[in-house]
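Offset between the sequence shown (1-based) and my numbering: plus 1454.
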Amino acid sequence: MTTRRNLCAAGSTDTDAARLEHLWRQLTETANHTAYAALEIRERLRHLRDHLERAASLSLAAWQGLGSAEHAAATLSHFAELCHHAGHLLGAVRLYAKAVTAYEELERPKDLARTLVNLSAAYTALGEHVPAVEALKRAPGLFVGEGDRSAESQARALLAHGLLTLGREPEAIDAATRAEEAAAAADDDAGRASAALALALALGRSGRRGHAERAAQRALQAARRTRRPDLYHSIRNRLRSEDLV
């Protein structure tokens, strides 16, 4: 015998099913719109990337036509950075490499060093760690020649991290140690923190636990002195991931 309770329950089930179907249709429609929007954005980015390299070529040709090698080099570097920020990493690598050659010919060591650091970052983003390290190797010495110990420290710390990615711990320890020395000479606490972090990671992976923990403490102390909570927490989390704090 059908009761009122059974009828209500059946009605309730039908209502829930209808609501679920309506929700499913809404979610599907939203997902489709999102997918189409993503495709459109990707296509626009592709056009933007093409335009960036084309604009770089036109601007470069104009400056070369005027005989301004300095402006031509700056144009290459500028458009390389634009490509880099737009996610057009292959284009960025191509333009950074050309800028490196241009600054070498101009004998502009500081601009050359900065461009090498950027070239390394683009290679790293592509997952090409060997050329990234090779590009970075030249930068610290160039900064030393210009008397910029802070920039030297940053470049050596980046080099240490790159070497660690390749499993080259002894070289990473050397690069990080020299980075820490350069940061101390520049009285750069952010540089000290970055260098000590790299050193702690390299020592830890080399099995030198005690030395690694001391370097980790130096990294945290230096980060705290910068009064930058973002830097402190980033370094602390990185050290925690390696069980060094």
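Just so it is clear, CB atoms sit at the ideal spot from N, CA and C, and this is done for glycine as well.
In three-state terms, what does DSSP make of residue i?
| i | result |
| --- | --- |
| Val-1699 | coil |
| Glu-1483 | helix |
| Ala-1540 | coil |
| Ala-1471 | helix |
| Asp-1642 | coil |
| Thr-1680 | coil |
| Ser-1688 | helix |
| Gly-1545 | helix |
| Ser-1660 | coil |
| Arg-1703 | Residue 1703 falls outside the range modelled here, since the chain spans only 1455 to 1699, and no answer is possible. |
| Ser-1424 | The chain is shown only over 1455 to 1699; residue 1424 falls outside these bounds and no answer can be derived. |
| Ala-1464 | At Ala-1464 the pLDDT is 49, less than 50, meaning the model places this residue with poor confidence and gives no usable figure here. |
| Ser-1531 | helix |
| Arg-1458 | Residue placement at Arg-1458 cannot be trusted, given a pLDDT of 46 that sits under 50; what the coordinates show is reported in the next sentence. Helix at Arg-1458. |
Drop a sphere of 10 angstroms on the beta-carbon of residue i, count the other beta-carbons inside from all chains shown, and report buried for 16 or more, exposed for fewer.
| i | result |
| --- | --- |
| His-1542 | buried |
| Gly-1664 | exposed |
| Leu-1474 | exposed |
| Pro-1683 | exposed |
| Ser-1574 | buried |
| Asn-1572 | buried |
| Glu-1483 | exposed |
| Gln-1480 | exposed |
| Arg-1681 | exposed |
| His-1615 | buried |
| Ser-1607 | buried |
| Thr-1469 | exposed |
| Gly-1601 | exposed |
Does the Cβ-Cβ distance between residue i and residue j come in under 8 Å?
| i | j | result |
| --- | --- | --- |
| Ala-1654 | Ala-1636 | no |
| Phe-1533 | Leu-1544 | no |
| Leu-1596 | Ala-1556 | no |
| Ala-1670 | Val-1699 | yes |
| Ala-1656 | Ala-1626 | yes |
| Arg-1562 | Leu-1618 | no |
| His-1583 | Leu-1612 | no |
| Ala-1609 | Ala-1593 | yes |
| Ala-1523 | Leu-1560 | yes |
| Thr-1569 | Val-1554 | yes |
| Arg-1679 | Ala-1640 | no |
So residue i is in the alpha helix (DSSP H); what residue range does that whole segment cover?
| i | result |
| --- | --- |
| Asp-1565 | 1563-1579 |
| Leu-1596 | 1583-1599 |
| Gly-1616 | 1603-1619 |
With a threshold of 7 Å (Cβ to nearest heavy atom), would residue i be considered close to the ligand ZN?
| i | result |
| --- | --- |
| Thr-1631 | Absence of the ligand ZN is noted for the structure shown, with no ligands found whatsoever. |
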